[in-house]
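Undergrad: Before anything else, here's the structure in question.
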Amino acid sequence: MNLERRQLGLVDFKLANDNAGTFSGYGAIFGNVDSYGDMIEPGAFKESLRTWQAKGKWPKMLLQHGGMGFGAEDMMPVGKWTSMSEDSKGLKVEGQLFALNTERGQYIYEGLKSGELDSLSIGYQTEDAYDAVKDGVTTRHLTKIKLWEVSIVTF
Numbered sequence: 032m033n034l035e036r037r038q039l040g041l042v043d044f045k046l047a048n049d050n051a052g053t054f055s056g057y058g059a060i061f062g063n064v065d066s067y068g069d070m071i072e073p074g075a076f077k078e079s080l081r082t083w084q085a086k087g088k089w090p091k092m093l094l095q096h097g098g099m100g101f102g103a104e105d106m107m108p109v110g111k112w113t114s115m116s117e118d119s120k121g122l123k124v125e126g127q128l129f130a131l132n133t134e135r136g137q138y139i140y141e142g143l144k145s146g147e148l149d150s151l152s153i154g155y156q157t158e159d160a161y162d163a164v165k166d167g168v169t170t171r172h173l174t175k176i177k178l179w180e181v182s183i184v185t186f
């Protein structure tokens with residue numbers, strides 16, 4: 032399995048004032064070309080979201096895509112996505128952090144509140160795409176994505 036990752040700042044990021052670690056933002060935005068020359072098209076997540084919803088859960092919320100994968104803690108989810116949907120802008124996500132009464136949970140929460148943890152990144156597999164050339168530049172248009180996880184990331 033070739034897992035790809037794409038990073039995006041927390042567009043329309045909202046941290047709830049409930050001290051419960053809830054927040055929302057966008058995991059991906061449609062129509063912009065990223066640093067890899069890819070553009071996610073509207074509808075690309077539709078089938079994957081439907082599959083996850085049928086399972087009664089959403090893709091995992093990790094920190095830094097699970098780090099380097101050297102230990103079980105690296106792949107431990109740091110929260111739970113409570114809602115995911117496509118709208119006209121992109122992949123809208125809402126979630127809640129786990130274990131706010133622990134040092135790790137509080138550290139992540141404070142990172143979000145301070146704006147130092149200010150990006151989301153998706154981990155996915157491309158299931159369908161096409162290339163288009165404009166002005167000598169090739170852009171890969173992602174039309175179907177299998178979403179595995181949405182991470183809170185530093186960069």
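Under my numbering, the first residue of the sequence shown carries the number 32, and numbering increases by one thereafter. Heads up, the beta-carbon is just placed ideally off N, CA and C, and yes, glycines get one too. Everything numeric in this text was worked out from a predicted model, so none of it was measured.
Going by C-alpha to C-alpha distance, which of Asn50, Arg171, Glu147 and Met92 sits closest to Met185?
TA: By one-based count along the sequence shown, residue 185 stands at place 154. Note that residue 185 is Thr in the sequence shown, not Met. Checked all of Asn50, Arg171, Glu147 and Met92; the closest Cα to Thr185 is Glu147.
Undergrad: With distance defined between alpha-carbon atoms, name the residue in Ala59, Gly56, Leu46 and Asp69 nearest to Thr169.
TA: One-based indexing of the sequence shown puts residue 169 at position 138. Among Ala59, Gly56, Leu46 and Asp69, the Cα nearest to that of Thr169 is on Asp69.
Undergrad: Can you check which of these residues, Leu34, Asp166 and Gln156, is closest to Phe76 by C-alpha distance?
TA: Within the sequence shown, numbered from 1, the residue matching residue 76 stands at position 45. Minimum Cα distance to Phe76 is reached at Gln156.
Undergrad: I'd like to check one pair, Leu131 with Gly56: are the Cβ atoms closer than 8 Å?
TA: Stepping through the sequence shown from its first residue, residue 56 is reached at position 25. Stepping through the sequence shown from its first residue, residue 131 is reached at position 100. No, the Cβ-Cβ distance between Gly56 and Leu131 is not below 8 Å.
Undergrad: Tell me the DSSP bridge mates of Asp69?
TA: Along the sequence shown, one-based indexing puts residue 69 at 38. DSSP, once it has assigned bridges, lists Arg171 as partnering Asp69.
Undergrad: Within this structure, are the beta carbons of Ser79 and Leu178 separated by less than 8 Å?
TA: As a position in the sequence shown, residue 79 is number 48, starting the count at 1. As a position in the sequence shown, residue 178 is number 147, starting the count at 1. Yes, these two residues count as a Cβ contact at 8 Å.
Undergrad: Would you be able to state if there are at least three C-beta pairs under 8 Å between the region 86-99 and the region 110-119?
TA: Yes: at least three Cβ pairs fall under 8 Å.
Undergrad: Could you check if Tyr67 is buried or exposed, using at least 16 other CB atoms within 10 Å of its CB as the buried criterion?
TA: Counting from 1 along the sequence shown, the entry for residue 67 is found at position 36. Tyr67 should be labelled exposed.
Undergrad: For Met106, collect the residues of the same chain with a Cβ closer than 6 Å to its Cβ; drop the 5 residues on either side in sequence, then sort them by chain order.
TA: Numbered from 1 along the sequence shown, position 75 holds the residue referred to as residue 106. Cβ within range, chain order: Gly97.
Undergrad: In terms of residue numbering, what span does the alpha helix (DSSP H) encompassing Ser79 cover?
TA: Counting from one through the sequence shown, the residue named residue 79 turns up at place 48. Residues Lys77 to Lys86.
Undergrad: Check Leu151 in the structure and name its three-state DSSP category.
TA: Here residue 151 refers to the residue found at position 120 of the sequence shown. Three-state result, Leu151: strand.
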